[in-house]
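**Q** In terms of the numbering used here, the sequence shown has 196 at position 185, counting the first letter as 1, and numbering is strictly consecutive. Every residue, glycine too, gets a C-beta built ideally from N, C-alpha and C.
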Amino acid sequence: MLAAVAALWLMGVVPRESAAQQWNDERTLALVRQAVERRARELADSGLVDYHAQAHGYLTFLAQVGEGFREPPRVVKADELALEVYWRAPNLSKQRIMGQRDTLLLPTDISYHRDHLGIVQNNFPDIIRIGEGDEVLDVPHPLSPTGLTNYDFSVGDSLRITYPGRSITVDIVRVRPKNDALPRLVGAVFVERETAQVVRMAFSFTRAALRDKALEDISVVLESSLVEGRFWLPSRQEVEIRRTGTWMEYPVRGIIRGRWEICCYEVNKGIPASFFGGPEIVLGKPRDRLREGFSGRILDSLPSDVRAVTDEDVKRVQEEARALVRQQALTRARGGAVALHGISDIVRVNRVEGLAVGASLAAHLGQGVTTTVAGRYGVDDRRAKGRANLRWRRASGSGFDILAQDDFRELGDEAEVSLVRNSIAAQEFGSDYTDPYAVRAVGARLVWARGSGLVWTLGATLERQRALMVHAAPASGRYEPTVPVRDRRGPRLTLTVERPTVAVLGFDVRGGGELRWSSMRGRDGATAVERRARVLRAAGQLTAERPLGRKTLLLRTTAAAAGSRDPMPVQELVFLGGPTSGPGYDFHRLVGRAGAAQHVELQLPVPFVAVPLGRFGTAPGEARLAPFAHAVYVDRPLVAPSGRAGIYPSVGAGFLLPFSVLRFDIARGLRDGRWTFSVDVAREFWSVL
Numbered sequence: 012m013l014a015a016v017a018a019l020w021l022m023g024v025v026p027r028e029s030a031a032q033q034w035n036d037e038r039t040l041a042l043v044r045q046a047v048e049r050r051a052r053e054l055a056d057s058g059l060v061d062y063h064a065q066a067h068g069y070l071t072f073l074a075q076v077g078e079g080f081r082e083p084p085r086v087v088k089a090d091e092l093a094l095e096v097y098w099r100a101p102n103l104s105k106q107r108i109m110g111q112r113d114t115l116l117l118p119t120d121i122s123y124h125r126d127h128l129g130i131v132q133n134n135f136p137d138i139i140r141i142g143e144g145d146e147v148l149d150v151p152h153p154l155s156p157t158g159l160t161n162y163d164f165s166v167g168d169s170l171r172i173t174y175p176g177r178s179i180t181v182d183i184v185r186v187r188p189k190n191d192a193l194p195r196l197v198g199a200v201f202v203e204r205e206t207a208q209v210v211r212m213a214f215s216f217t218r219a220a221l222r223d224k225a226l227e228d229i230s231v232v233l234e235s236s237l238v239e240g241r242f243w244l245p246s247r248q249e250v251e252i253r254r255t256g257t258w259m260e261y262p263v264r265g266i267i268r269g270r271w272e273i274c275c276y277e278v279n280k281g282i283p284a285s286f287f288g289g290p291e292i293v294l295g296k297p298r299d300r301l302r303e304g305f306s307g308r309i310l311d312s313l314p315s316d317v318r319a320v321t322d323e324d325v326k327r328v329q330e331e332a333r334a335l336v337r338q339q340a341l342t343r344a345r346g347g348a349v350a351l352h353g354i355s356d357i358v359r360v361n362r363v364e365g366l367a368v369g370a371s372l373a374a375h376l377g378q379g380v381t382t383t384v385a386g387r388y389g390v391d392d393r394r395a396k397g398r399a400n401l402r403w404r405r406a407s408g409s410g411f412d413i414l415a416q417d418d419f420r421e422l423g424d425e426a427e428v429s430l431v432r433n434s435i436a437a438q439e440f441g442s443d444y445t446d447p448y449a450v451r452a453v454g455a456r457l458v459w460a461r462g463s464g465l466v467w468t469l470g471a472t473l474e475r476q477r478a479l480m481v482h483a484a485p486a487s488g489r490y491e492p493t494v495p496v497r498d499r500r501g502p503r504l505t506l507t508v509e510r511p512t513v514a515v516l517g518f519d520v521r522g523g524g525e526l527r528w529s530s531m532r533g534r535d536g537a538t539a540v541e542r543r544a545r546v547l548r549a550a551g552q553l554t555a556e557r558p559l560g561r562k563t564l565l566l567r568t569t570a571a572a573a574g575s576r577d578p579m580p581v582q583e584l585v586f587l588g589g590p591t592s593g594p595g596y597d598f599h600r601l602v603g604r605a606g607a608a609q610h611v612e613l614q615l616p617v618p619f620v621a622v623p624l625g626r627f628g629t630a631p632g633e634a635r636l637a638p639f640a641h642a643v644y645v646d647r648p649l650v651a652p653s654g655r656a657g658i659y660p661s662v663g664a665g666f667l668l669p670f671s672v673l674r675f676d677i678a679r680g681l682r683d684g685r686w687t688f689s690v691d692v693a694r695e696f697w698s699v700l
């Protein structure tokens, strides 16, 4: 009953008894003092001597990457646990791990603190510690004897809960520290008005309470239910621990989520005090027998929302914390840093620059303002490239950029391979799957991030574009010539939209689109007369995945079209062909004013060798076989194997190694195509390579 009402309160639909919020008024302080006295008695006057219960829960480690962490986190490791829980007055507790199994989806050497493996009893002692003191250490409990000294309190809302033959009123007491620069708790405590018993706690911590500098925040939800009509005992618990860092300024977040359900209480059975000796959390079975008693796969039994960016209960805790204290009391300070977004920002190889080395620095100026400067030098073209950016972002992700660049831009709407794979193939075999042209530009961008997840970006730049030449030579083979882009200069406007992953009809769908207008002048190659070309161009990508039991259906669509009454500049055309947009056809050999590519793939689990990875776990004894069909449509082609518009189909198969990190593909183009072979890391990792 309490869980349902609390959920309604979280959504803001429970009627409020009092809308006014006053801090430390007499009514509130009287209730808090009563709750402090109640906790001090440790339930002794209620007749509760001891209890035994069963707890079932999950510990999940997830990872998020990318600016704004817009994509849902990816499960890296999941543990399922079964506990026997014992308690005896006044404060003895014991928890025995009777079952534990895990599954590893990506290599990791994460190990959990012992207190993550059990539940929280008695709503924490007077001094709160999390992670055995490594994450939170010695934070005073708001309902401890020193609580009135350290915290402010306010009763603003109340809940009326009806049980058979009984109704109770629960007051929601908001808690904030008197000094938010000290290690303190921030949140809300639900207190039964009649008995002053704590029935729910939902809170976070100030920045000063988090001992690990990499910690972003810790959120805790503890919920109790009424047992035998008179004892409020633990029933549901959630803990979310988020660590945020940067990999060369590329945002990376690790999330530990613990979720527990506690049930099946046996009260006052006479548990002897001697039973509680030794550590509080222990193994109740030999380690090699802990996997017994579970059925099915862990991933199939995980809570459905475990992959959500943030659980709704935890999200409300974070919002309440931000509302109750200064933002600075919760935010991790950042200074200057190396600002590389991937390995290829340090070193890369292509046919224009040869070997190119680079670096980038970012300075976080506070109030959401960041300035970034990046540079790169090509050994063979003997040219320096660079870009600078002044960025302001709100907490929502909205903001603006002022930018300048003298760098390369790629033809085409979709990368065909990762940059690391391209550098290796370009250096060793002369296989360069990039088509760059030079751009000098100054401009600005407005970014609007909506609560629905959509991110809109409106950009305006004044540019000069020009062609590049081949300067390098590979170790073997030879490079193809670059695309003969015409020199152009003028304004360019872009409107883009990104949609992070969302569930639609059982599919996980993500995508984006771009509408672009340019009006640039340049010399005609044939007459050397300067002309203006006004071009309107649209492009979009959509990816959808759907689990089918242990199989996965993958759909990927790319489409683009450009229109102009003037001669069409080469850099505005649609370029398709290559391992991603046109397997079975040569790189960018399907070119026209309009085009589309559709990919349909079914990933099937197949047996594989389980490979030990030392402290990073063991690779599962399973790989993925991925037969696929692909089709490219080109309208009004300028370049195509047959020189004709129409559909260019292909078929093939991929093979993904355990963890789906490395992928091999073989494909055959069925219309004037050929056999092609490709090996690359999974697309999810391209952004950091």
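#1: Let's see if you can read the secondary structure: which residues bound the alpha helix (DSSP H) around Phe619?
#2: So, do the stretch 240-251 and the stretch 218-227 have three or more beta carbon pairs nearer to each other than 8 Å?
#3: Would you report the Cα separation of Gly488 and Met480, rounded to the nearest angstrom?
#4: Is Trp686 buried or exposed, if buried means 16 or more other CB atoms sit within 10 Å of its CB?
#5: Using a 10 Å radius around the Cβ and a threshold of 16 neighbouring Cβ atoms, would you call Phe440 buried or exposed?
#6: May I ask you to list the residues that DSSP assigns as paired with Lys88?
#7: Considering only their Cβ atoms, is the gap separating Ile172 from Ile183 smaller than 8 Å?
#8: Do Ala634 and Val617 count as a contact pair if the criterion is CB distance below 8 Å?
#9: Using the three-state DSSP reduction, which class does Asn102 fall into: helix, strand or coil?
#10: Would DSSP call Ser168 helix, strand or coil?
#11: Are the stretch 569-580 and the stretch 542-555 touching, with three or more C-beta to C-beta distances below 8 Å?
#12: By the 10 Å Cβ neighbour count, where 16 or more other Cβ atoms means buried, how is Ala615 classified, buried or exposed?
#13: Verify whether the separation of the beta carbon atoms of Leu753 and Val43 is less than 8 Å.
#14: Report the three-state DSSP secondary structure of Ile435 (helix, strand or coil).
#15: Check whether the Cβ atoms of Val161 and Pro118 lie closer than 8 Å to each other.
#16: Arg655: buried (16+ other C-beta within 10 angstroms of its C-beta) or exposed?
#17: For Arg456, which residues of its own chain have a beta-carbon under 6 Å away from its beta-carbon, when the five flanking residues on both sides are left out?
#18: To the nearest angstrom, report how far apart Asn400 and Leu414 are at their CA atoms.
#19: Tell me which residues share the same chain as Val47 and place their Cβ nearer than 8 Å to its Cβ, disregarding the 5 neighbours each side in the sequence.
#20: Report the partner residues of Ser236 according to the DSSP bridge assignment.
#21: Report all residues from its chain with a CB closer than 6 Å to the CB of Arg702; omit the five preceding and five following residues, and keep chain order.
#22: Does the distance from the C-beta atom of Tyr123 to that of Phe286 stay below 8 Å?
#23: Look up Ala334 in the DSSP assignment and say whether it is helix, strand or coil.
#24: Report yes or no: do the stretch 424-432 and the stretch 373-390 share at least 3 C-beta pairs separated by less than 8 Å?
#25: May I ask you to report which of helix, strand or coil DSSP gives Trp127?
#26: Give the secondary structure of Asn161 by DSSP, where H, G and I count as helix, E and B as strand, and everything else as coil.
#27: Express the C-alpha separation of Ser165 and Trp34 in angstroms, rounding to a whole number.
#28: If you measure between the beta carbons of Leu649 and Leu584, is that distance less than 8 Å?
**A** By the coordinates alone:
#1: Counting from 1 along the sequence shown, the entry for residue 619 is found at position 608. Per DSSP, Phe619 belongs to no alpha helix (DSSP H) and is neither H nor E.
#2: They do not touch, by the three-pair rule.
#3: Position 477 of the sequence shown, counted from the start, is the residue given in the question as residue 488. Position 469 of the sequence shown, counted from the start, is the residue given in the question as residue 480. Each residue's Cα considered, the two are about 18 Å apart.
#4: Here the question's residue 686 lines up with position 675 in the sequence shown. Trp686 should be labelled exposed.
#5: The sequence position of residue 440 within the sequence shown is 429, counting from 1. The residue is exposed, with fewer than 16 neighbouring Cβ atoms inside 10 Å.
#6: Mapped onto the sequence shown, residue 88 falls at position 77. Its beta-bridge partners are Phe72 and Leu115.
#7: For the purposes of this step, residue 183 is taken as residue 172 along the sequence shown, with counting starting at 1. For the purposes of this step, residue 172 is taken as residue 161 along the sequence shown, with counting starting at 1. Against a cut-off of 8 Å, the Cβ pair of Ile172 and Ile183 comes out as no contact.
#8: Walking along the sequence shown from the start, residue 617 turns up at place 606. Walking along the sequence shown from the start, residue 634 turns up at place 623. Ala634 sits close to Val617, with the two beta carbons spaced by under 8 Å.
#9: In the sequence shown, residue 102 corresponds to position 91, counting from 1. Correct three-state label for Asn102: coil.
#10: Taking the sequence shown and counting its residues from 1, one reaches residue 168 at position 157. The displayed chain sequence assigns Asp, not Ser, to residue 168. In the structure shown, the three-state DSSP call for Asp168 is strand.
#11: yes
#12: By 1-based counting over the sequence shown, the position of residue 615 is 604. Residue 615 is actually Leu in this sequence, not Ala. Using a 10 angstroms sphere on the CB of Leu615, the tally of other CB atoms stays under 16, which defines it as exposed.
#13: Shown here, the chain extends from 12 to 700; a query on residue 753 therefore has no answer.
#14: Within the sequence shown, the letter at position 424 stands for residue 435. Residue state, collapsed to three classes: helix.
#15: Locating residue 161 in the sequence shown gives position 150, counting from the first residue. Locating residue 118 in the sequence shown gives position 107, counting from the first residue. Residue identity check: residue 161 is Asn in the sequence provided, not Val. Their beta carbons are not under 8 Å apart, which means Asn161 does not touch Pro118 by this criterion.
#16: To locate residue 655, count along the sequence shown from 1; it is residue 644. Arg655 is exposed by the Cβ-count criterion.
#17: Position 445 of the sequence shown holds residue 456. Excluding positions up to five away in sequence, the list reads Asp412, Thr468 and Gly470.
#18: Taking the sequence shown and counting its residues from 1, one reaches residue 400 at position 389. Taking the sequence shown and counting its residues from 1, one reaches residue 414 at position 403. Put simply, the backbone Cα of Asn400 is about 4 Å away from that of Leu414.
#19: Here residue 47 is taken as the residue at index 36 of the sequence shown, counted from 1. Cβ neighbours of Val47 beyond the five flanking positions: Leu154, Ser155, Pro156, Gly158 and Leu159.
#20: Start at 1 with the first residue of the sequence shown, and residue 236 comes out as number 225. Beta-bridge pairing links Ser236 to Leu244.
#21: Since the displayed the chain opens at 12 and closes at 700, residue 702 lies outside it and no answer follows.
#22: Taking the sequence shown and counting its residues from 1, the one referred to as residue 123 is at position 112. Taking the sequence shown and counting its residues from 1, the one referred to as residue 286 is at position 275. Contact flag unset, no.
#23: Numbered from 1 along the sequence shown, position 323 holds the residue referred to as residue 334. Looking at Ala334 - three-state DSSP - the assignment turns out to be helix.
#24: no
#25: In the sequence shown, residue 127 corresponds to position 116, counting from 1. The question names Trp, yet the displayed sequence has His at residue 127. Residue state, collapsed to three classes: helix.
#26: For the purposes of this step, residue 161 is taken as the residue at position 150 of the sequence shown. Three-state DSSP puts Asn161 in a helix.
#27: Along the sequence shown, read from residue 1 onward, the residue named residue 34 stands at position 23. Along the sequence shown, read from residue 1 onward, the residue named residue 165 stands at position 154. Their Cα atoms are separated by approximately 5 Å.
#28: Position 638 of the sequence shown holds residue 649. Position 573 of the sequence shown holds residue 584. Against a cut-off of 8 Å, the Cβ pair of Leu584 and Leu649 comes out as a contact.
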